[in-house]
Structure formats: structure tokens, C-alpha cells
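The sequence shown begins at 1 in the numbering used here and counts up by one. Where is the CB? At the ideal position from N, CA and C, for every residue including glycine. Because the structure is a prediction, the values reported are computed rather than measured. Below is one structure, written out as C-alpha cells; comments come after it.
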Amino acid sequence: MSSPVQNLADNWEFTELWVDPTASPPYVLILLGDNSGISSVYDPSQSYQLVFKSNTYEEAKLWLLEDEYERVEGRLPASVPA
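Rendered as C-alpha cells:
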């Protein structure tokens, strides 16, 4: 069975997890950055619905910080070395 995440972006460069630690359990959003610099934020609890899209990573980051989300340490690149 394939994951709905696989269809989110064909040219993604990295992904980050952002959490709202004030929620119980913590609420998670996924930020994907693509090759052209576009950043998209998806909500896994809403069938990976797109909740925010921007032309830059900085805009997406500020949007998440404005709602008091915190980035989970680390970033998953598109290709993981073998």
C-alpha cells in the first residue's frame, strides 16, 4: 500500500517536521521544499492537505513560527546516501 505522501511533490529537495508542542498530543505539520525554492506545508491529519504554500522557505518558516510551531531537529534530504 503506498503512502499519500509519495504524491505530494515530485521534485522535493528536503522535508521538515514542525510541531505545535502546546497541543496534546502535539500537532504535526510537514514542510516540503522543492528544487525551485517553493515551500509547501501539509497536514498529515487532514489526508496531507496543502495548508500553506510560499515562494521561499523563509516565508513558510515565518508562517509556522507565527502559529508557534517548532521545527523538529534535522532535515530529511530527497536522496539518502547508501
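Within this structure, are the beta carbons of Ser39 and Tyr57 separated by less than 8 Å?
yes
Would the beta-carbon of Leu64 fall within 8 Å of that of Leu32?
no
How is Tyr69 classed by DSSP in three states: helix, strand or coil?
coil
Tell me whether Ser45 sits in a helix, a strand or coil according to DSSP, three-state version.
helix
Report all residues from its chain with a CB closer than 8 Å to the CB of Asn11; omit the five preceding and five following residues, and keep chain order.
Asp34, Asn35 and Ser36
Residues of its chain near Glu68, where Cβ-Cβ distance is below 8 Å and the 5 sequence neighbours each way are ignored:
Asp20 and Thr22
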